[in-house]
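Please read the structure below before turning to the comments.
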Amino acid sequence: MSRKRNHDSPFQRIGIVAKAGSRDAADTAQELAEWLRRRGLTATLDETSLRSRGKGGEVPSVPAAAYDLVVVLGGDGTLLAAARTLQPGIPILGVNLGNLGFLTEINRGELYPALLEVLEGRFRTEERSLFDVELRRQGGSSSRFRVLNDAVITKSALARIIELTLQVDGHLIARFRSDGLIISTPTGSTAYNLSAGGPIVNPLLPVAVLTPICPHALSMRPIVVPDAAPIEVTLETRREEVYLTLDGQEGTSLSFGDTVSIIRSAAAVRLAKVSGRRFYESLRGKLRWGGLAGETEDHASGGESGGVKP
Numbered sequence: 001m002s003r004k005r006n007h008d009s010p011f012q013r014i015g016i017v018a019k020a021g022s023r024d025a026a027d028t029a030q031e032l033a034e035w036l037r038r039r040g041l042t043a044t045l046d047e048t049s050l051r052s053r054g055k056g057g058e059v060p061s062v063p064a065a066a067y068d069l070v071v072v073l074g075g076d077g078t079l080l081a082a083a084r085t086l087q088p089g090i091p092i093l094g095v096n097l098g099n100l101g102f103l104t105e106i107n108r109g110e111l112y113p114a115l116l117e118v119l120e121g122r123f124r125t126e127e128r129s130l131f132d133v134e135l136r137r138q139g140g141s142s143s144r145f146r147v148l149n150d151a152v153i154t155k156s157a158l159a160r161i162i163e164l165t166l167q168v169d170g171h172l173i174a175r176f177r178s179d180g181l182i183i184s185t186p187t188g189s190t191a192y193n194l195s196a197g198g199p200i201v202n203p204l205l206p207v208a209v210l211t212p213i214c215p216h217a218l219s220m221r222p223i224v225v226p227d228a229a230p231i232e233v234t235l236e237t238r239r240e241e242v243y244l245t246l247d248g249q250e251g252t253s254l255s256f257g258d259t260v261s262i263i264r265s266a267a268a269v270r271l272a273k274v275s276g277r278r279f280y281e282s283l284r285g286k287l288r289w290g291g292l293a294g295e296t297e298d299h300a301s302g303g304e305s306g307g308v309k310p
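Position 10, counted from 1, in the sequence shown is what the working numbering calls 10; the numbers after and before it change by one each time, with no gaps.
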């Protein structure tokens with residue numbers, strides 16, 4: 001028997017992305033897909049969910065597809081991975097299956113009431129900036145990446161201190177020695193940047209945060225710069241193991257003379273907001289700053305990789 005299409009909702013094609021390796025996320029994804037289909041909507045599961053549920057005949061969701069909405073089930077790390085690859089402009093509803101982080105909007109118990117609000121158009125979106133990262137090899141080749149949190153240049157565990165040259169908009173900022181450098185978006189300011197002593201930045205500001213990791217000179221401090229101008233970091237050290245890591249999830253090695261260039265992307269991530277939770281409320285809960293009477297830490301504790309690292 002065919003199901004009646006729900007033409008009242010502005011969202012007809014929903015993509016579902018679940019945390020890789022999580023049976024709970026895969027089960028929730030399948031349950032959600034069936035819930036959406038009963039309402040006459042098209043729901044497409046990602047390959048991980050289909051494989052874990054033995055759904056060999058279904059076509060998996062793909063990042064390049066034009067969905068009206070994508071629901072991410074997992075945590076901040078799962079959302080980071082999805083945000084880098086989805087088509088720009090698609091609203092993303094993050095559902096944390098553990099404790100809430102800084103990126104995921106709701107918890108498991110809020111999923112269906114919140115989704116009803118979204119499907120009826122009763123939600124707001126918040127745009128988060130992405131950074132385009134280009135690695136230019138001294139030999140002439142290049143690679144391109146996109147990040148929502150940060151790009152990190154760091155030495156390996158056994159390497160000695162490394163030397164970097166930092167330029168912003170063609171102007172020399174410093175040539176310094178350290179264990180590395182974090183180039184963070186405002187969204188990523190509460191991730192590795194914060195653990196390394198960098199500042200917390202409102203995620204809607206058009207800036208980049210540059211935070212040296214254990215600099216040799218104590219006068220070398222974090223700096224906040226406009227994100228519209230290119231940031232360039234060149235490795236000046238020979239014969240050391242150095243790596244470029246993107247959002248803590250992708251990476252490649254660097255060699256002497258390689259340059260990493262970062263600039264704000266023309267694309268942006270749109271996070272669907274329905275809970276009424278704000279960034280400052282998340283800070284109070286996650287960082288245990290205290291707040292209004294009756295508030296608990298449940299609003300913003302945990303997350304996979306979008307929050308403070310232990």
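Think of the CB as a built atom: it goes at the ideal place given N, C-alpha and C, for glycine as much as any other residue.
Since the model is a prediction, treat every value here as computed from it, not as a measurement.
Of the listed residues the options, nearest to residue i (C-alpha basis)
{"i": "Thr-125", "options": "His-171, Arg-13 and Ala-272", "result": "Ala-272"}
{"i": "Gly-77", "options": "Gly-21, Asp-179, Tyr-243 and Pro-113", "result": "Gly-21"}
{"i": "His-171", "options": "Val-274, Asn-107, Val-225 and Gly-15", "result": "Val-225"}
{"i": "Pro-215", "options": "Asn-202, Ile-162, Ala-157 and Arg-23", "result": "Ile-162"}
{"i": "Gly-248", "options": "Thr-154, Ile-14 and Arg-51", "result": "Thr-154"}
{"i": "Val-133", "options": "Ser-282, Arg-39, Leu-283 and Thr-252", "result": "Thr-252"}
{"i": "Glu-127", "options": "Trp-289, Gly-74 and Thr-187", "result": "Thr-187"}
{"i": "Thr-165", "options": "Tyr-112, Ala-114 and Thr-237", "result": "Thr-237"}
{"i": "Leu-194", "options": "Pro-113, Leu-135, Leu-287 and Ser-156", "result": "Leu-287"}
{"i": "Leu-250", "options": "Ala-157, Leu-204, Glu-281 and Arg-146", "result": "Going by the sequence as given, residue 250 is Glu instead of Leu. Of the listed residues, the one whose Cα sits closest to Glu-250 is Arg-146."}
{"i": "Gly-198", "options": "Glu-281, Arg-108, Asp-150 and Ser-156", "result": "Asp-150"}
{"i": "Gly-74", "options": "Arg-23, Arg-13 and Ala-196", "result": "Arg-23"}
Inter-residue Cα distance where the pair is residue i and residue j
{"i": "Ser-184", "j": "Tyr-192", "result": "9 angstroms"}
{"i": "Ser-49", "j": "Thr-104", "result": "19 angstroms"}
{"i": "Ala-267", "j": "Leu-86", "result": "10 angstroms"}
{"i": "Arg-397", "j": "Phe-102", "result": "The structure shown does not extend to residue 397, since the chain is modelled only from 1 through 310, so no value can be given for it."}
{"i": "Leu-148", "j": "Ser-129", "result": "7 angstroms"}
{"i": "Glu-240", "j": "Gln-138", "result": "16 angstroms"}
{"i": "Gln-167", "j": "Arg-270", "result": "30 angstroms"}
{"i": "Asp-311", "j": "Ala-229", "result": "Outside the displayed range of the chain (1 to 310) lies residue 311, so it cannot be described from this structure."}
{"i": "Ala-18", "j": "Leu-80", "result": "12 angstroms"}
{"i": "Phe-256", "j": "Thr-245", "result": "17 angstroms"}
{"i": "Asp-298", "j": "Gly-285", "result": "Because the pLDDT of Asp-298 is 43, which lies under 50, any placement of that residue in the model is unreliable, and the number read from its coordinates should be weighed accordingly. Looking at the two C-alpha atoms, the distance is approximately 7 angstroms."}
{"i": "Leu-36", "j": "Pro-206", "result": "36 angstroms"}
{"i": "Ala-43", "j": "Glu-120", "result": "16 angstroms"}
{"i": "Asn-96", "j": "Gly-140", "result": "42 angstroms"}
{"i": "Ser-265", "j": "Arg-144", "result": "12 angstroms"}
{"i": "Ala-82", "j": "Ala-25", "result": "14 angstroms"}
{"i": "Ala-373", "j": "Ala-217", "result": "Look at the range of the chain in this structure, 1 to 310, and you will see that residue 373 is not part of it."}
{"i": "Phe-123", "j": "Glu-110", "result": "14 angstroms"}
{"i": "Ser-142", "j": "Ile-173", "result": "24 angstroms"}
{"i": "Val-152", "j": "Ala-159", "result": "16 angstroms"}
{"i": "Phe-11", "j": "Gly-290", "result": "38 angstroms"}
{"i": "Ala-114", "j": "Arg-108", "result": "10 angstroms"}
Short Cβ contact (8 angstroms threshold) for residue i with residue j
{"i": "Leu-210", "j": "Ile-200", "result": "no"}
{"i": "Leu-254", "j": "Pro-212", "result": "no"}
{"i": "Glu-117", "j": "Val-242", "result": "no"}
{"i": "Met-220", "j": "Ser-189", "result": "no"}
{"i": "Ala-29", "j": "Leu-45", "result": "yes"}
{"i": "Phe-279", "j": "Asn-202", "result": "yes"}
{"i": "Gly-98", "j": "Ala-65", "result": "no"}
Under the three-state DSSP convention, the category residue i falls into
{"i": "Val-209", "result": "strand"}
{"i": "Lys-273", "result": "strand"}
{"i": "Val-201", "result": "coil"}
{"i": "Thr-154", "result": "strand"}
{"i": "Ala-65", "result": "coil"}
{"i": "Arg-37", "result": "helix"}
{"i": "Asn-96", "result": "strand"}
{"i": "Gly-282", "result": "The sequence shown places Ser at residue 282, not Gly. Three-state DSSP puts Ser-282 in a helix."}
{"i": "Pro-113", "result": "helix"}
{"i": "Ala-29", "result": "helix"}
{"i": "Gly-188", "result": "helix"}
{"i": "Ser-219", "result": "coil"}
{"i": "Ser-369", "result": "The chain is shown from 1 up to 310; residue 369 falls before or after that span and cannot be answered."}
{"i": "Arg-146", "result": "strand"}
{"i": "Arg-84", "result": "helix"}
{"i": "Ser-265", "result": "strand"}
{"i": "Glu-120", "result": "coil"}
{"i": "Arg-23", "result": "helix"}
- Counting pairs of Cβ atoms below 8 angstroms between the stretch 66-74 and the stretch 89-97, do you hit three or more? At 8 angstroms Cβ cutoff, the stretches touch.
**Segment contact flag, the stretch 226-237 with the stretch 249-266, C-beta cutoff 8 angstroms, min 3 pairs** = Judged by pairs of C-beta atoms under 8 angstroms, the stretch 226-237 touches the stretch 249-266, as three or more such pairs exist.
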